[in-house]
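Engineer: First the structure, which I've put down as structure tokens, then a few questions once you've had a look.
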Amino acid sequence: MALLQLSEPGMSAAPHQHRLAVGIDLGTTNSLVATVRNGIAVCLNDAEGRAMLPSVVRYRADGGVTVGREAMQAQTVDPRNTITSVKRFMGRGLRDVAYIESTPYDFVDAPGMVRLRTVQGPKSPVEVSAEILRTLRQRAEASLGGELTGAVITVPAYFDDAQRQATKDAAGLAGLNVLRLLNEPTAAAIAYGLDNAAEGVYAVYDLGGGTFDISILRLSRGVFEVLATNGDAALGGDDFDHRLFCWSLDRARIEPPSAQDLRRLLARSREAKELLSHASEAPIVCTLGSGEEVNLKVGRDEFASITANLVKKTLAPVRKALRDAGMRAEDIKGVVMVGGATRMPHVQKAVAEFFGQEPLTNLDPDKVVALGAAKQANALAGNRSADEDWLLLDVIPLSLGLETMGGLAEKVIPRNSTIPVARAQEFTTYKDGQTAMAFHVVQGERELVSDCRSLARFELRGIPPMVAGAARIRVTFQVDADGLLSVSAREMSSGVEASVIIKPSYGLTDQEIADMLKSGFEHAGEDMGARALREQQVEARRLAEATRHALEADGELLEPSAREAIEHLLTELETTAAGSDTGAIKQATAALNRGTEDFAAARMDKSIRSALAGRNIDQLEV
Amino acid sequence: MSIDLHKDYFELFGLPRGYRIDKDALERSYLALQQQVHPDRHAHLPDAERRRALQWATRVNEGFQTLRRSLARARYLLDLAGVDAALETNTAMSPEFLMEQMEWREAVSEAHEAGDVDELEHLHRRLRTAAKTVEDELAALFDDRHDLEAAAETVRRLMFLEKLDQEIDEALAALES
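As given, the protein sequences belong to chains C and D, one line each in that order. Residue numbers are given in this note's numbering: position 445 of the first sequence equals residue 1589, and the series is strictly consecutive. Residue numbers are given in this note's numbering: position 71 of the second sequence equals residue 78, and the series is strictly consecutive.
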């Protein structure tokens, strides 16, 4: 292994400098923030010592915003302006949201994603999520005593591109630099695997408030390799509450209630569900607006039987994930349980029966995702120490493809491909002299485009006129390490090249995001210009430091003149960064980035050579 | 020595070019390379290095997937040798082979219609065995006899089997949901 350490790229450039980085579990019901302190991942608590922040945002008539426990307490008095479970609406249109009729909100259907009409005007789920993230960022900055370098934010593994992009935008609005979007079950596997030095194939069964994920991972020699993932982005603990709520309505023989009553009864149903994890019976008691009394008792078995089909619904994705991983239930060494909803005894029982073993419950299902995210954030920020030499290889949950003739979807990148991944496909023109071609990018497993999620439509123009079939149009899909897609198209046959690069969108334009960003900062009483300058300075310093480190480590790869050019750009950047011209710092940063392209390539080649050399040594030892 | 992005996958992974492959060595190389190039290892470094990491990690993933699977590896070997196997267009196969294929198809669709999961899984196992025989044949054609023409034809047969495999998977998935 000594050879590998020649230029270990993930290792801290300057060990004495610890960059502040956090992991955030942005949950349907609760959210948490965690960080690595002295090599140990810990959740950061609020002033009252609580780690969990209820994912509830209230827009008040006085123009203020409350987030968390206080907002949660207001939900029965002000249900329309108090948003819970907003994660269910992220990147979703009106027709995608389940049980929309039993939410108390006033929805506005907008292209791509719903908005919620509040006393402060229509709010996008991205803005609502940003309020939760901002609260966690402020908690972390107060607790760590400085500005954050960045954050890893977790998303359900089964989130599609629109939901991921929406989450990333919410983080941007909250003033967070996103180091990586990390899949929740993968985060849990990191926390579990690193703490227990686990080796073998593990399943992570993650039933959260609003989403269900199953991931199959191979853990070996510090590599976390996701073999397959599956799930249901609209199935979680909320559905169990809802089932119990419907049961109560039915039992108490009451008409569909008002928004306030609905919230009361839903809250009582949730409490009863939680109680049933420890007790064999739970009461559902409340007084409705009409003065009517609801007084019910629900037994554990009754609850299990009315929700049995929900539990069963989680097992189909489990089977699919196992098959995609090429594994059988008996190949699984351990089953890690994640998410508060896995506390329900009948869920644990069903999982135990399926895998033929008791699931692992020696970790807190509420915190494990945030703790894993914190470890990943620490590594990505460059804080890792030599003994934390682990790597994560994740996959995309859903196939990506293009619409072809007859409304069929043709897969370009199949689900469960390890990311980052790129795949190209060639097309040609079907008419003489055709100068443009339209593409429709879709995500999903179904054959018909109408059953898949539409991610983007774009046109390649400027194709030189040729006879039909002569043009060669290469469409390339690239999925980055966050699982986000970009697509480019290029005409290859002629000397003339037409090309286009697109990123899928989900209904928020760049202008809308810019406006939200501005109003968000005003709201929080922060100066956007000052923050932008600070961020640019941090970025500049980060780049300068990394470049200096690279020059020290691998300067001999450069010709003296090339080294001089880089050093010149570096000095320029440092001088500019000392000033307060945000634009100039940005330019100088970009200039140094451009100026180090070749050097970066040479360094990468060197590290690959050392990887191969390292492997050969390993083989000799065997 | 310079290693560039366009190097062939066998060289990239430090393995001899051939159909028979040391899967453990492939996996070791893959992990060692990803340890170096994966974007997570470069997240705190300048943009240029991060872009380069993205390209490299993508390439390493692609190479691993190509070499790991027998059909993909076989097609890649034909590709490297410049043999146009006309894989998509040439479907001329021996009558016996086609008859066998039809029997397989019928068995799969019957089991699917009957909702017989056990039978589908049984077909799956039988298909694996059949594929194994074809793969052994390929190994001999590529590595011992160096008969690329015959290899190309055998690759086409393997494609049929792969397609069947997918159909069984889809039938199983459809029965589960």
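The beta-carbon is built from N, C-alpha and C at its ideal position, and this holds for glycine as well.
Listing by chain order, which chain C residues have their CB less than 8 Å from the CB of P46 of chain D?
Structural biologist: On the second sequence, position 39 is the one that residue 46 of chain D refers to. Neighbours of P46 of chain D on chain C, chain order: P1564, D1624 and A1625.
Engineer: Between the Cα of F1389 of chain C and the Cα atoms of C:E1741, C:E1415, C:S1754 and C:L1701, which residue gives the shortest distance?
Structural biologist: Taking the first residue of the first sequence as position 1, residue 1389 of chain C is located at position 245. Closest option to F1389 of chain C, Cα to Cα, is C:E1415.
Engineer: Mind checking whether Y1349 of chain C and V1479 of chain C have CB atoms under 8 Å apart?
Structural biologist: Taking the first residue of the first sequence as 1, we reach residue 1349 of chain C at position 205. Taking the first residue of the first sequence as 1, we reach residue 1479 of chain C at position 335. Against a cut-off of 8 Å, the Cβ pair of V1479 of chain C and Y1349 of chain C comes out as a contact.
Engineer: Count the other C-beta atoms from every protein chain shown that fall within 10 angstroms of the C-beta of K1519 of chain C, then say buried if there are 16 or more, exposed otherwise.
Structural biologist: Position 375 of the first sequence holds residue 1519 of chain C. A residue is called buried once 16 or more other Cβ atoms fall within 10 Å of its Cβ, and K1519 of chain C is buried on that count.
Engineer: When you compare each of C:N1174, C:A1284, C:N1560 and C:F1447 to D1385 of chain C by their alpha carbons, which one comes out closest?
Structural biologist: Residue 1385 of chain C sits at position 241 when you count from the first residue of the first sequence. Of C:N1174, C:A1284, C:N1560 and C:F1447, the residue nearest in Cα terms is C:F1447.
Engineer: Can you list, in chain order, the residues of its chain whose CB lies under 6 Å from that of K14 of chain D, leaving out five sequence neighbours each side?
Structural biologist: Within the second sequence, residue 14 of chain D is the residue found at index 7, counting from 1. Correct list: empty, nothing qualifies.
Engineer: Name, please, each residue of chain C whose Cβ falls closer than 8 Å to the Cβ of E183 of chain D.
Structural biologist: The residue you call residue 183 of chain D lines up with position 176 of the second sequence. Going along chain C in sequence order, the residues near E183 of chain D (Cβ under 8 Å) are A1460, R1463 and K1464.
Engineer: Contact check, N1321 of chain C vs A1295 of chain C under 8 Å by CB: the rounded distance?
Structural biologist: By 1-based counting over the first sequence, the position of residue 1321 of chain C is 177. By 1-based counting over the first sequence, the position of residue 1295 of chain C is 151. Sure, about 7 Å apart at Cβ, within 8 Å.
Engineer: A1333 of chain C and L1361 of chain C: beta carbons closer than 8 Å?
Structural biologist: Walking along the first sequence from the start, residue 1333 of chain C turns up at place 189. Walking along the first sequence from the start, residue 1361 of chain C turns up at place 217. Yes, these two residues count as a Cβ contact at 8 Å.
Engineer: To the nearest angstrom, how far is the alpha carbon of R1685 of chain C from that of E1718 of chain C?
Structural biologist: Here residue 1685 of chain C refers to the residue found at position 541 of the first sequence. Here residue 1718 of chain C refers to the residue found at position 574 of the first sequence. A direct Cα-to-Cα measurement between R1685 of chain C and E1718 of chain C gives close to 7 Å.
Engineer: Drop a sphere of 10 angstroms on the beta-carbon of L87 of chain D, count the other beta-carbons inside from all chains shown, and report buried for 16 or more, exposed for fewer.
Structural biologist: Along the second sequence, read from residue 1 onward, the residue named residue 87 of chain D stands at position 80. With fewer than 16 Cβ atoms within 10 Å of its Cβ, L87 of chain D is classed as exposed.
Engineer: Return the Cβ separation of L1323 of chain C and R1308 of chain C in integer angstroms, given the expectation that the two are a contact with Cβ distance under 8 Å.
Structural biologist: If you number the first sequence from 1, residue 1323 of chain C lands on position 179. If you number the first sequence from 1, residue 1308 of chain C lands on position 164. Not really, about 14 Å apart at Cβ, beyond 8 Å.
Engineer: Residues in the segment 132 to 159 of chain D with C-beta within 7 Å of chain C's C-beta atoms, listed in sequence order?
Structural biologist: So the list is empty, because no residue satisfies the distance condition.
Engineer: Should R135 of chain D be labelled buried (16 or more other beta-carbon atoms within 10 Å of its own) or exposed?
Structural biologist: Position 128 of the second sequence, counted from the first residue, corresponds to residue 135 of chain D. Counting Cβ neighbours within 10 Å, R135 of chain D comes out exposed, since fewer than 16 surround it.
Engineer: Please give the ranges of any beta strand (DSSP E) in the segment 1487 to 1572 of chain C, keeping only runs that are unbroken, at least 3 residues long and fully inside the region.
Structural biologist: 1535 to 1537, 1544 to 1548, 1552 to 1557 and 1565 to 1571
Engineer: Applying the criterion that 16 or more other CB atoms from any shown protein chain within 10 Å of the CB defines a buried residue, is V1252 of chain C buried or exposed?
Structural biologist: For the purposes of this step, residue 1252 of chain C is identified with residue 108 of the first sequence, where counting begins at 1. Exposed, because fewer than 16 other Cβ atoms sit within 10 Å of the Cβ of V1252 of chain C.
Engineer: Would you report the Cα separation of A1215 of chain C and E1554 of chain C, rounded to the nearest angstrom?
Structural biologist: Position 71 of the first sequence, counting from 1, holds the residue named residue 1215 of chain C. Position 410 of the first sequence, counting from 1, holds the residue named residue 1554 of chain C. Whole-angstrom Cα-Cα distance: 46 Å.
Engineer: Using the beta-carbon count (16 or more within 10 Å), is H1712 of chain C buried or exposed?
Structural biologist: Mapped onto the first sequence, residue 1712 of chain C falls at position 568. H1712 of chain C should be labelled exposed.
Engineer: In three-state DSSP terms, what is V1209 of chain C?
Structural biologist: Working through the first sequence from its first residue, we reach residue 1209 of chain C at position 65. Looking at V1209 of chain C - three-state DSSP - the assignment turns out to be strand.
Engineer: Please state whether DSSP places F149 of chain D in a helix, a strand or coil.
Structural biologist: Locating residue 149 of chain D in the second sequence gives position 142, counting from the first residue. F149 of chain D falls in the helix class under three-state DSSP.
Engineer: Per DSSP, G1771 of chain C forms a beta bridge with which residues?
Structural biologist: No statement about residue 1771 of chain C is possible, as the shown extent of chain C runs from 1145 to 1766 and does not include it.
Engineer: Is the number of C-beta pairs between the segment 1594 to 1604 of chain C and the segment 1620 to 1628 of chain C that are closer than 8 Å three or more?
Structural biologist: no
Engineer: Measure from the C-beta of I10 of chain D to each C-beta in chain C and report whether the shortest distance is under 8 Å.
Structural biologist: Here the question's residue 10 of chain D lines up with position 3 in the second sequence. Summary for I10 of chain D: the model assigns pLDDT 46, below 50, so the residue's position carries little reliability; its value from the coordinates is reported in the next sentence. Under the Cβ criterion of 8 Å, I10 of chain D is counted among the residues facing chain C.
Engineer: Along the chain, where does the alpha helix (DSSP H) containing G1484 of chain C start, and where does it finish?
Structural biologist: Residue 1484 of chain C sits at position 340 when you count from the first residue of the first sequence. It is not in any alpha helix (DSSP H) - G1484 of chain C carries neither H nor E in the DSSP assignment.
Engineer: Run through DSSP, which three-state label would S1402 of chain C get?
Structural biologist: Along the first sequence, one-based indexing puts residue 1402 of chain C at 258. Three-state DSSP puts S1402 of chain C in coil, outside helix and strand.
Engineer: Check distances from the C-beta atoms of the segment 1523 to 1543 of chain C to those of chain D and list, in chain order, the residues that come in under 9 Å.
Structural biologist: A1523, L1524, A1525, G1526, N1527, D1533, L1535, L1536 and L1537
Engineer: Show which residues of chain D have a CB atom less than 8 Å away from the CB atom of T1740 of chain C.
Structural biologist: Taking the first residue of the first sequence as position 1, residue 1740 of chain C is located at position 596. Those are P53, A55 and E56, listed as they occur along chain D.
Engineer: What's the gap between the Cα of A1694 of chain C and the Cα of N1182 of chain C?
Structural biologist: On the first sequence, position 550 is the one that residue 1694 of chain C refers to. On the first sequence, position 38 is the one that residue 1182 of chain C refers to. In this structure, the alpha-carbon of A1694 of chain C lies about 26 Å from that of N1182 of chain C.
Engineer: What span of residues does the alpha helix (DSSP H) with T73 of chain D cover, start to end?
Structural biologist: By 1-based counting over the second sequence, the position of residue 73 of chain D is 66. D54 to R75 is the span of the alpha helix (DSSP H), which, as asked, contains T73 of chain D.
Engineer: For D1742 of chain C, is the beta carbon positioned less than 7 Å from some heavy atom of the ligand SAM?
Structural biologist: With respect to the ligand SAM, the structure shown offers nothing to examine, as it has no ligands at all.
Engineer: Does L1466 of chain C pass the burial test, meaning 16 or more other C-beta atoms within 10 Å, or should it be called exposed?
Structural biologist: The sequence position of residue 1466 of chain C within the first sequence is 322, counting from 1. Per the 10 Å Cβ criterion, buried.
Engineer: By the DSSP assignment, the beta strand (DSSP E) with T1675 of chain C in it spans what residues?
Structural biologist: Working through the first sequence from its first residue, we reach residue 1675 of chain C at position 531. Note that residue 1675 of chain C is Arg in the sequence shown, not Thr. Where R1675 of chain C is concerned, there is no enclosing beta strand (DSSP E), although the alpha helix (DSSP H) it sits in stretches over M1672 to D1698.
Engineer: Between A1494 of chain C and the rest of its own chain, which residues show a CB-CB distance below 6 Å, the 5 nearest in sequence each way excluded?
Structural biologist: Within the first sequence, the letter at position 350 stands for residue 1494 of chain C. Result list for A1494 of chain C: V1455, in chain order.
Engineer: Contact defined as beta carbons within less than 8 Å: I believe A1372 of chain C pairs with N1560 of chain C. What is the distance between those atoms, to the nearest angstrom?
Structural biologist: Taking the first sequence and counting its residues from 1, the one referred to as residue 1372 of chain C is at position 228. Taking the first sequence and counting its residues from 1, the one referred to as residue 1560 of chain C is at position 416. That belief holds up - the Cβ atoms of A1372 of chain C and N1560 of chain C are roughly 5 Å apart, short of 8 Å.
Engineer: Kindly indicate which three-state DSSP category Q173 of chain D falls into: helix, strand or coil?
Structural biologist: Here residue 173 of chain D corresponds to residue number 166 of the second sequence, with the count starting at 1. Residue state, collapsed to three classes: helix.
Engineer: Does S1751 of chain C have its Cβ less than 8 Å from a Cβ in chain D?
Structural biologist: Counted from its first residue, the first sequence places residue 1751 of chain C at position 607. Closer than 8 Å: yes.
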